[in-house]
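Quick notes on the structure that follows.
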Amino acid sequence: MKFEHVLLGFVAMRPCTGYDLKRWLGSEMGRMSRLPSQQSQIYRTLARMTADDWLTYDVERNEGRPDSKVYRVTATGERVLRARLAEPYEPPVDFGDPEFPTRYLLSVFVTEEERIALVRTELEARRAQLDRFRARDMREEPWLPGLDPRRMARILDHVHESKDRALVTHVRWLEEVLAELTGTTDPAGPGTPHT
Numbered sequence: 168m169k170f171e172h173v174l175l176g177f178v179a180m181r182p183c184t185g186y187d188l189k190r191w192l193g194s195e196m197g198r199m200s201r202l203p204s205q206q207s208q209i210y211r212t213l214a215r216m217t218a219d220d221w222l223t224y225d226v227e228r229n230e231g232r233p234d235s236k237v238y239r240v241t242a243t244g245e246r247v248l249r250a251r252l253a254e255p256y257e258p259p260v261d262f263g264d265p266e267f268p269t270r271y272l273l274s275v276f277v278t279e280e281e282r283i284a285l286v287r288t289e290l291e292a293r294r295a296q297l298d299r300f301r302a303r304d305m306r307e308e309p310w311l312p313g314l315d316p317r318r319m320a321r322i323l324d325h326v327h328e329s330k331d332r333a334l335v336t337h338v339r340w341l342e343e344v345l346a347e348l349t350g351t352t353d354p355a356g357p358g359t360p361h362t
């Protein structure tokens, strides 16, 4: 998701200043939604979004400190955000990519059916990824001379086990969220086959 859409979504949740956005993006939750951003990048993007009529602002007077611009989403910005969130979700190759957490966070602006479809799409993709991951080619690679092949194989196994556990945890979480959203005890939700 483009940075401007991330900011637009955050401002749509509540009016805020550029500093508020920087603080939020630097928080644990913000870092899960996006890579760290420079303050100057935030202000440049806010200025461009204001020029494009996605945002408007009021100046808040601060005694003894510089005045603050408090940004709000315009009707145009709301249409842009809703159009972006209506685009089909295509799960990224890496399940650690911030696209899904960001889309899920911003799903507060979509219907419950759209939120369920988002989670279901991510779940189906990650189950398929888990199947591919577990069925990977295990042949021994020709390593550089001097590398112990058994040691290298064990190191690769450790990395694989770590990724596998993280992916399994993500899939279980998605199943729990989907069950909650659909009101079912079947974590796959109705019509979704288990793998």
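For the sequence shown, the working numbering assigns the number 168 to the initial residue and increments by one for each residue that follows.
All C-beta atoms in this analysis are idealised placements derived from N, C-alpha and C, irrespective of residue type, glycine included.
Pairwise C-alpha distance: residue j and residue i
{"i": "Pro255", "j": "Phe267", "result": "12 Å"}
{"i": "Val226", "j": "Cys183", "result": "11 Å"}
{"i": "Tyr238", "j": "Gly176", "result": "12 Å"}
{"i": "Leu311", "j": "Arg317", "result": "13 Å"}
{"i": "Ala214", "j": "Val247", "result": "16 Å"}
{"i": "Gly313", "j": "Met319", "result": "11 Å"}
Cβ-Cβ separation, residue j to residue i (assumed contact under 8 Å), whole Å
{"i": "Ser174", "j": "Thr217", "result": "Before going on, a small fix: residue 174 reads as Leu here, not Ser. With 8 Å as the limit, Leu174 and Thr217 do not qualify as a contact, their Cβ atoms being about 11 Å apart."}
{"i": "Gly244", "j": "Leu273", "result": "Actually they do not touch by this definition, with Cβ atoms about 13 Å apart."}
{"i": "Phe300", "j": "Ala179", "result": "36 Å between Cβ atoms; not a contact."}
When the options are compared against residue i, the one with the closest alpha-carbon
{"i": "Glu347", "options": "Thr288, Tyr271, Ile283 and Leu252", "result": "Ile283"}
{"i": "Lys330", "options": "Asp298, Pro312, Asp234 and Gly185", "result": "Asp298"}
{"i": "Ser235", "options": "Pro312, Pro265, Leu252 and Tyr210", "result": "Tyr210"}
{"i": "Ala242", "options": "Asn229, Arg232 and Asp219", "result": "Asp219"}
Beta-carbon proximity of residue i to residue j, cut-off 8 Å
{"i": "Gln208", "j": "Phe262", "result": "no"}
{"i": "Leu345", "j": "Arg287", "result": "yes"}
{"i": "His337", "j": "Arg251", "result": "no"}
{"i": "Pro258", "j": "Ala292", "result": "yes"}
{"i": "Glu342", "j": "Leu290", "result": "yes"}
task: For the stretch 251 to 336, list the alpha helix (DSSP H) runs that are entirely contained and at least 4 residues long, ordered along the chain.
output: Those alpha helix (DSSP H) runs which fall completely within the stretch 251 to 336 and span 4+ residues are 266 to 272 and 279 to 301.
- prompt: At what residue ranges does the stretch 201 to 232 contain a whole run of the alpha helix (DSSP H), taking only runs of 4 or more?
  reply: Taking only runs of at least 4 residues, the alpha helix (DSSP H) segments lying wholly in the stretch 201 to 232 are 206 to 218.
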